[in-house]
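Read the structure below first, then the notes.
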Amino acid sequence: MGWLLIRGWALLVYIFMFLPVAVVVLLSFNASQFGSFPMTGFSLRWFVELANNDAILRAFQTSLLLGALTALVSTTLGVLASLALVRYRVPGSNLISTILIAPILVPEVVLAVALLLFLNALSLNKSFLLLLMGHVIFTMPFVILVVQARLVGIRRDYEEAAISLGAHPVQAFFQITLPLLAPAVFAGMLFAFTISFDDITGTLFWKPGGVETVPTQIFAMLRNSISPEINALGTVMIFLTVGLPLLGMAVARRMALQRGS
Numbered sequence: 001m002g003w004l005l006i007r008g009w010a011l012l013v014y015i016f017m018f019l020p021v022a023v024v025v026l027l028s029f030n031a032s033q034f035g036s037f038p039m040t041g042f043s044l045r046w047f048v049e050l051a052n053n054d055a056i057l058r059a060f061q062t063s064l065l066l067g068a069l070t071a072l073v074s075t076t077l078g079v080l081a082s083l084a085l086v087r088y089r090v091p092g093s094n095l096i097s098t099i100l101i102a103p104i105l106v107p108e109v110v111l112a113v114a115l116l117l118f119l120n121a122l123s124l125n126k127s128f129l130l131l132l133m134g135h136v137i138f139t140m141p142f143v144i145l146v147v148q149a150r151l152v153g154i155r156r157d158y159e160e161a162a163i164s165l166g167a168h169p170v171q172a173f174f175q176i177t178l179p180l181l182a183p184a185v186f187a188g189m190l191f192a193f194t195i196s197f198d199d200i201t202g203t204l205f206w207k208p209g210g211v212e213t214v215p216t217q218i219f220a221m222l223r224n225s226i227s228p229e230i231n232a233l234g235t236v237m238i239f240l241t242v243g244l245p246l247l248g249m250a251v252a253r254r255m256a257l258q259r260g261s
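By the numbering used here, the letter at position 26 of the sequence shown is numbered 26, and the numbering carries on one by one without gaps.
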C-alpha cells in the first residue's frame with residue numbers, strides 16, 4: 001500500500017510538471033488565433049507563419065551557429081582536460097578538476113552576472129565571441145563529466161601496446177583511444193549543443209545588442225503579446241531539446257555496443 005501511494009504521488013508530480021508542456025504542444029496545432037479550449041480545429045497555420053517570420057529564422061540561425069561552435073569548442077577542450085586529469089599526473093589535479101566542474105555547482109544567474117562584471121572590469125564590449133566563451137564555460141563541465149566517466153573504464157594497456165608496436169602517441173590516441181571514447185565524446189557534444197541552444201539566463205547577460213537566440217526571441221515576444229506563433233516555436237524547441245539528447249543516447253549506446261562486440 002505504501003509503494004502504491006508513492007507511485008501515485010510520483011505520477012501526480014510528473015503530470016503537474018509536464019502538463020503545461022503538453023498544453024503548449026497541443027495549442028500549437030489550434031486553428032484559432034486564441035489559445036483556449038475547446039480547440040476549434042487542427043491546423044499547421046502557426047508553423048507556416050513561424051517559417052515565414054524573418055526574426056525567428058535569424059534567431060534559429062544564431063542559435064544553431066552558437067550551439068555548434070559551443071559543442072565543438074567544449075568537446076575539444078573537455079576531451080583534452082579529461083585526458084590530462086585521468087591519464088597523467090598533473091600537480092593539483094583535484095583542485096583543477098574542482099575548478100572545471102564548479103560552473104555546474106554555481107547558479108547560472110550568479111555565473112552570468114560574475115562574468116558580465118568581469119568583462120566590464122576589463123572594459124570589454126559584448127560580442128558574439130564573448131557570448132561563445134560564456135557558453136563554453138557553462139557547457140564544458142558536462143562534457144568533462146561524461147568523457148571522464150568513459151575514459152576511466154578504458155585501459156591504458158591498449159595505447160601502450162600500440163606504442164610498443166611503433167605507433168606515435170598521437171597516432172595511438174586517434175586510432176585506439178578516440179574510437180573507444182567516441183560514444184562519450186558524441187554524447188558530450190550533443191549535451192553541450194542542447195544546453196547552449198536552450199540557454200536563456202546567461203545569454204540575456206552576455207549577448208550583444210541586435211543578436212537574438214531562440215530563447216531570447218521567445219522572451220522578447222512574450223513581453224509584447226502572447227502570439228500563437230510562440231506555441232509553435234515552443235513545440236519546435238521542445239522536440240529539439242528533448243529529441244537530440246535521446247537520439248544522442250541511442251547512438252552512443254549503439255556505438256558502445258558495437259565497440260564491445
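Where a beta carbon is used, it is the ideal one built from N, C-alpha and C, also for glycine.
Excluding sequence positions up to five before and after Thr-62, its CB lies within less than 7 angstroms of the CB of Val-211, Glu-212, Thr-213, all in the same chain and listed in chain order. Looking at the DSSP output, Phe-42 shares a beta bridge with Asn-30. Of Val-48, Leu-124, Thr-177, Pro-208, the smallest CA-CA separation from Ala-161 is found for Thr-177.
Counting C-beta atoms within 10 angstroms of its own C-beta, Phe-174 has fewer than 16 neighbours from the protein chains shown and is therefore classed as exposed. Contact check for Ala-192 and Thr-70: beta-carbon distance about 6 angstroms, within the 8 angstroms limit, so the pair qualifies.
Distance check between Glu-108 and each of Ile-137, Leu-83, Gly-92, Ser-123 places Ile-137 closest, using alpha-carbon atoms only. Distance between Leu-72 and Asn-231, taken at the CA atoms: about 30 angstroms.
Here DSSP, grouped into helix, strand and coil, assigns Asn-53 to coil.
Here Pro-208 is exposed, its C-beta having fewer than 16 other C-beta atoms within 10 Å. Taking the C-beta atoms as reference points, Val-143 is found no nearer than 9 angstroms to Gly-202. Nearest C-alpha to Arg-150 among Ile-6, Phe-186, Met-221: Phe-186. The straight-line gap separating the alpha-carbon atoms of Leu-26 and Met-237 is approximately 14 angstroms.
Per DSSP, the continuous alpha helix (DSSP H) segment holding Val-170 begins and ends at 169 to 172. When the alpha-carbon of Asn-53 is set against those of Met-221, Tyr-14, Val-170, Arg-254, the nearest one is in Met-221.
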